[in-house]
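Chemist: Structure incoming, see below.
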Amino acid sequence: MEEQLNGGEELFFEIYIKEKLNAFMEERKALREFRHPKYLAEISRLEAEYKEKLEYEETVERFQLEKERIERDFEREMALAEKEYQDRLAELMDSMLQECEEQKKQIEHEYHNTDINSTASSSYPVNKKSLRRRPNEPTPFNEKRMRAKNPQQVVHLLNELDILEDIQFVDSIIEEDINQEKSQESQ
């Protein structure tokens, strides 16, 4: 009976070995045909890794392109802002210079058109108030004399040559002051 058991074991062992051999042969065939499950799992893992790396590289590339675009836009906008600032500054300077020239012309016009006699008389009061006199006291001699020199009654006339010389002198002083102010501003 032992022989039968040994024979049964041998038969069982042969069947087990054939099954294992067939399984290995199937695995070998699947490997050659590139359809083995472990191979396919590793391939799919590698493909997923590859796709992930590609996506990462695409993201990095898109980021770099976006960064470069933003930097270009920033530089362009800064250049435009600087140009606009310079234009506005030049425009303001021109308008201020024009205003100064207009004011200068207006002042010169007023200066040339002012009446020297009328400005002198308008600076003195028309009615001079005096203290009340005491009764029975004679008026002093000086007071009578001062009344005679009332500014409205005295007329000063300069000849035109003297007036022109005075105007030229005042103009030269004004121009010197303006030149000094400009030189101080530029420093």
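When the letters of the sequence shown are read in order and numbered with full-length UniProt numbering, they come out as residues 1 to 187.
Glycine included, every Cβ here is placed at the ideal spot set by N, Cα and C.
1. Do you know offhand how far K20's Cα is from L46's?
2. Rounded to a whole number of angstroms, what is the C-alpha to C-alpha distance between A120 and E160?
3. For E27 versus H36, is the C-beta spacing smaller than 8 Å?
4. For I178, which option in K38, C100, F63 and E110 has the closest C-alpha, if you only look at C-alpha atoms?
5. Tell me which residues share the same chain as A30 and place their Cβ nearer than 7 Å to its Cβ, disregarding the 5 neighbours each side in the sequence.
6. In the structure shown, what three-state DSSP assignment does E58 receive?
7. Report all residues from its chain with a CB closer than 6 Å to the CB of Q184; omit the five preceding and five following residues, and keep chain order.
8. Suppose the cutoff is 7 Å on Cβ atoms and the five residues either side in sequence are ignored; what does the same chain contact list for K67 look like?
9. Quick check on this structure: which residue in E108, R88, R134 and A41 has the alpha carbon closest to the alpha carbon of Q168?
10. Which residues mark the beginning and the end of the alpha helix (DSSP H) in which N179 is found?
11. Straight-line CA distance for residue 222 to L92?
Modeler: Result, derived from the coordinates:
1. 30 Å
2. With a pLDDT of 48 at A120, under the threshold of 50, the predicted position of this residue should be treated as unreliable, though the coordinate-derived value follows. The alpha-carbon atoms of A120 and E160 are separated by roughly 17 Å.
3. yes
4. C100
5. H36
6. In this structure, E58 counts as helix in the three-state DSSP scheme.
7. There are no such residues.
8. none
9. E108
10. E160 to S186
11. Because residue 222 is not part of the residues shown, which for the chain are 1 to 187, the question remains open.
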